[in-house]
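Read the sequence shown against full-length UniProt numbering and you will find it ends at 423, with the numbers running on by one and no gaps.
Cβ atoms here follow ideal geometry from the backbone N, Cα and C, with glycine treated the same way.
Data first, discussion second: the structure below is written as structure tokens.
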Amino acid sequence: MFCSSCGYNLEETFNFCPNCGTRAARPSAEGETDSTTVHSEADCEKEAIESYFFAGYEYDTILCFLSKHHGITMSLSTLKRRLKQYELKRKTGDEVSDNELMEIIRKEIDGPSCVSGYRTLWHTLRLKYRMCVPRARVQALLKEIDPVGTEQRKRHRLKRREYKSPGPNQCWHVDGYDKLKPFGFPLHGAIDGYSRRMLWLKVTRTNSNPAVIAKYYHDCIEELGGCPRILSTDPGTENVEIATLQCYLRGDGTDDFAGEKAHRYVASTANQRIECWWSSLRRSRTSWWINFFKDLSERGVYISGNIYHNECLWFCFNEILQQDLDFFRVHWNTHYIRQSRHDTIAGKPDELFFLPETFGGEDQMQAVTDAQLEVVASHCEEPIVDNDYQSYFNYVVDLQQLAKPRNWKECLNLFEHLLNYNT
């Protein structure tokens with residue numbers, strides 16, 4: 001299911017798009033969508049409150065989101081009455097047995113989440129399963145289920161440089177991620193320096209096409225209604241277009257970072273925020289996928305360099321991989337970042353990004369006009385996905401009436417089936 005406003009891939013449990021705040025449109029019994037059905041204000045209010053509650057926001061933050069993004073104003077006591085009315089409680093979970101909870105944890109760690117710690121799983125239970133269980137209980141059960149993994153996650157952190165920023169949209173950090181590129185899945189992403197909110201995270205055919213990177217930049221500034229004060233990238237040729245477009249959009253600025261100063265080239269290792277985030281992604285997600293694809297190669301199931309195998313791997317896994325990264329991005333943007341010694345603000349990335357005034361920050365967003373957006377759009381290209389191989393695989397799937405894979409195991413079954421079909 002996709003957001004009707006921004007096209008974001010939504011989980012079934014999401015009532016609102018975590019990207020733009022638009023209420024998710026769902027099919028009704030008559031085949032129509034919620035977007036064509038008149039909902040009462042009470043229903044919309046309930047969905048909004050439930051969405052923010054299970055994302056783990058504090059009550060004051062929920063009130064700010066309701067007021068700022070939904071036009072709903074209420075007092076704290078009214079919110080508490082609503083929560084009681086909707087039977088939403090922070091400290092619950094006793095009705096969930098240990099066996100049921102252990103089964104869910106086993107399901108989550110049977111895949112990319114196997115490298116996640118108990119805090120990540122605790123937030124996943126709230127966000128994905130709408131379960132409010134004590135964090136200590138999740139920690140104890142995870143230690144019982146996966147004692148080896150729990151021990152391996154006890155590591156020391158590297159000392160990092162201090163990062164200072166007056167507020168969100170002061171600087172966006174953009175970079176590509178090539179750890180999955182040997183298997184045909186290069187990634188591209190951008191992060192806001194102040195809030196650490198991940199702005200986009202895309203699985204793409206190539207992360208070196210300047211026009212495709214410009215498309216991601218365009219979609220983000222169109223969604224947010226403006227561009228950052230500064231854009232930071234490494235000096236790769238793939239960043240030529242967005243560097244030019246950023247300077248163009250800031251050409252009429254009067255501050256110290258207007259015009260050509262609105263973009264800065266830095267060494268890849270010095271692009272601090274995004275490089276740090278890639279390491280978090282590696283620990284929490286992509287290490288599983290890397291080991292999974294390496295295992296397929298070592299077993300001879302997947303032959304690296306064989307174009308048929310490469311195209312088949314893309315056909316079978318790209319959507320599931322993107323869905324997994326989409327969920328991780330939402331998970332990251334709604335998780336709590338603890339206070340550190342490196343002059344960073346503690347809080348949840350979405351909260352820091354959309355409500356900076358609560359933390360003493362100030363939004364640095366630079367407005368763009370529709371005419372400027374049209375100019376930016378003229379420099380963009382849609383990522384190329386379809387080719388003769390992809391058309392052939394779609395033909396086989398339709399011919400044999402094969403089901404669309406819903407998880408990595410079904411993707412693997414489809415991959416092996418298509419390879420055997422060819423032989």
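- With distances taken between CA atoms, Ala140 lies nearest to Leu101 out of Leu101, Pro112 and Gly176.
- Where Lys80 is concerned, the enclosing alpha helix (DSSP H) starts and stops at Leu76 to Gln85.
- Distance from the Cα of Ala136 is smallest, within the candidate group Asn169, Leu79, Trp122 and Pro147, for Trp122.
- For Met198, the enclosing beta strand (DSSP E) has its first and last residue at Met198 to Val203.
- Fewer than three beta-carbon pairs drawn from the region 251-270 and the region 387-405 are found closer than 8 Å, and the two stretches are therefore not classed as touching.
- Residue environment analysis places Ser279 among the exposed positions, since fewer than 16 neighbouring C-beta atoms fall within 10 angstroms of its C-beta.
- DSSP places Arg264 in the uninterrupted beta strand (DSSP E) bounded by His263 to Tyr265.
- Inclusion of Leu201 and Gly193 in the CB contact set at 7 Å is not warranted, their separation being larger than that value.
- Ala136 carries a helical assignment under DSSP once its states are collapsed to helix, strand and coil.
- Distance from the CA of Lys128 to the CA of Trp288, rounded to the nearest whole angstrom, comes to 20 Å.
- The beta carbon of Arg282 sits closer than 7 Å to those of Lys179, all from its chain and outside the five residues before and after it, given in chain order.
- When DSSP states are grouped into helix, strand and coil, Ile384 belongs to the coil group.
- Rounded to the nearest angstrom, the Cβ distance from Glu351 to Thr61 is 5 Å, consistent with a contact under 8 Å.
- The region 390-398 makes no contact with the region 225-234: fewer than 3 CB pairs, one atom from each, lie closer than 8 Å.
- Taken through DSSP and simplified to helix, strand or coil, Val301 comes out as coil.
- For Ala371, there is no enclosing beta strand (DSSP E); the residue is found in the alpha helix (DSSP H) stretching over Asp370 to Ala377.
- With 16 or more other CB atoms across the displayed protein chains lying within 10 angstroms of its CB, Lys348 is buried.
- Looking at the backbone, the Cα of Leu414 and that of Ser284 are separated by about 26 Å.
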